[in-house]
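Just so you know, the sequences run in chain order A and B.
Heads up: the first sequence begins at 1 in our numbering, then just goes up one per residue.
Heads up: the second sequence begins at 1 in our numbering, then just goes up one per residue.
From the three backbone atoms N, C-alpha and C, an ideal C-beta is built for every residue, glycine too.
Encoded as structure tokens, the structure appears first; notes follow it.
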Amino acid sequence: MSKVPLSRTGDIVWSRTPKTNSELFTLTYGVLVAQLLRDFEKVEEVNKELRRMGRNIGVRLIDEYLSKVSLASPTTPPCSTFHQTGDSIAKIGFKMFLGISCDISYPSPTTFVLTVHSNPLSTFVEIPPSREGLSYCEIMNGVIEGSLGAVSLRVESRFRKQIEKGDDVTTIEVEMMERIKDGVGEGYKDE
Amino acid sequence: AVSETLFNLLLQQVISYVQNLPSLPTSESQASLIDLPLPSSFSLDPCNSLSIVKYLCKDFWSKVFGHQITKLQTNHRGVFVLKDDSFPLLADLSAPLPPTSRLLAILTLAYPCGLIRGALKGFGRESVVSCDFLNDGENVESTSFNVKILM
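Shown next as structure tokens:
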């Protein structure tokens, strides 16, 4: 185990990260979702498109993550269990990109659940009843799947609770489906 | 605050989404994709367009992009030129621009044009915003926005 707690590493990386106004980010994401709702007939298609965009973002975020974290904390060993992967996402990943850290629990060896108390993506959002099927923050699932996919972990990420739908917290359940054998991803992990 | 990288990646997704639309929209509708009506929370002379544009150049630009507009020019008849010498969204490009990056830069700049228009809309002003970049042919980050406020 590394001597430096993950949350400390997260704080270090966050303090060194160039930042952007979060309202700008939130509103930009909001107009994107609004535009998608106008362009697609079904909310399911909007969800799918958001997830696809999230994957594209995820595969690039993981590069930034690996390079920044290895600089901030060279002694951190690669994740050896899926739960450690979850810890790293909760304490470093969320912190360094969204400026928040989230709680984590482990219902089973191949699953972890992230609990987000305030979600910067959906700060100003309420979903009207007519758009009930919309998964507003679906892009987050895509980011998690895309970034873990790039390091040889095929996972499925889905929401259990969503603040914008009236829940008190947002919870994301991430389940490991398989460890992809043989791929460029392995090379990234051995440092 | 959120990470700048994350924001830039989100913006890239927006741009590639717009690029892949079946019919490429005009520059006008590209901008309106990201119109942001941002209400102000303080008082300023609402009758005076110049004071509104000054607010955009100073407070608004600082809040959104971290610095003020470098230079503001106006003909005092509704036309304003806002010059930014280090526009952050173009910082990753390098001169001289290949034609493909040029298109990308133009699409990227639809975003701040929409921001300016949306902000002016928040003050009850309709406007036409266009953008010149590569003013001097060398400094890629240097851009200027032409704002025409319609009375």
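Stretch pair the region 47-57 of chain A + the region 135-150 of chain A: three plus CB contacts closer than 8 Å
yes
As a quick exercise: from A:Q162, A:V143 and A:L148, pick the residue whose alpha carbon is nearest that of S135 of chain A.
Here residue 135 of chain A corresponds to residue number 135 of the first sequence, with the count starting at 1. Of the candidates A:Q162, A:V143 and A:L148, the one whose C-alpha sits nearest the C-alpha of S135 of chain A is A:Q162.
Cβ pair count under 8 Å reaching 3, the region 34-44 of chain A against the region 105-124 of chain A:
no
Do you know how far the Cα of L9 of chain B is from the Cα of W14 of chain A?
On the first sequence, residue 14 of chain A is found 14 positions in, with the first residue counted as 1. On the second sequence, residue 9 of chain B is found 9 positions in, with the first residue counted as 1. Straight-line Cα distance between these residues: approximately 17 Å.
How should D84 of chain B be labelled, buried or exposed, when 16 other C-beta atoms within 10 angstroms of its C-beta is the threshold for buried?
In the second sequence, the residue the question calls residue 84 of chain B occupies position 84. It is buried - the Cβ of D84 of chain B has at least 16 other Cβ atoms within 10 Å.
Cutoff 7 Å: S3 of chain B Cβ touching any chain C Cβ
Checking the listed chains, one finds no chain C in this structure; the protein chains it contains are A and B.
Same chain, Cβ closer than 7 Å to G133 of chain A, five either side skipped, listed in chain order
Along the first sequence, read from residue 1 onward, the residue named residue 133 of chain A stands at position 133. Closer than 7 Å at the Cβ level, and outside the excluded window around G133 of chain A, lie V43 and E44.
F60 of chain B CB to nearest chain A CB: under 7 Å?
Position 60 of the second sequence, counting from 1, holds the residue named residue 60 of chain B. Not closer than 7 Å to any Cβ of chain A, the Cβ of F60 of chain B fails to qualify, so no.
In the structure shown, what three-state DSSP assignment does V33 of chain A receive?
Against the first sequence, residue 33 of chain A aligns to sequence position 33. Helix.
Which class does Y106 of chain A belong to by DSSP, given the choice of helix, strand or coil?
Along the first sequence, one-based indexing puts residue 106 of chain A at 106. Three-state DSSP puts Y106 of chain A in a strand.
In terms of alpha-carbon separation, which member of B:A1, B:W61 and B:S144 lies closest to Q73 of chain B?
Looking up residue 73 of chain B in the second sequence gives position 73. Taking only the C-alpha atoms, the option nearest Q73 of chain B is B:S144.
Taking 7 Å as the cut-off, decide whether the C-beta atoms of S147 of chain A and I62 of chain A are in contact.
Here residue 147 of chain A refers to the residue found at position 147 of the first sequence. Here residue 62 of chain A refers to the residue found at position 62 of the first sequence. Yes; because the gap between Cβ atoms is below 7 Å, this pair is in contact.
Only counting the same chain, and skipping five residues up and downstream in sequence, which positions put a Cβ closer than 6 Å to that of H117 of chain A?
Here the question's residue 117 of chain A lines up with position 117 in the first sequence. So the list reads V169, once near-sequence residues are dropped.
Identify every run of the alpha helix (DSSP H) within the region 9-58 of chain A, keeping only runs that are complete inside it and at least 4 residues long; order them along the chain.
22-39
Local conformation of E141 of chain B per DSSP, three classes:
Within the second sequence, the letter at position 141 stands for residue 141 of chain B. Note: E141 of chain B maps to coil in three-state DSSP.
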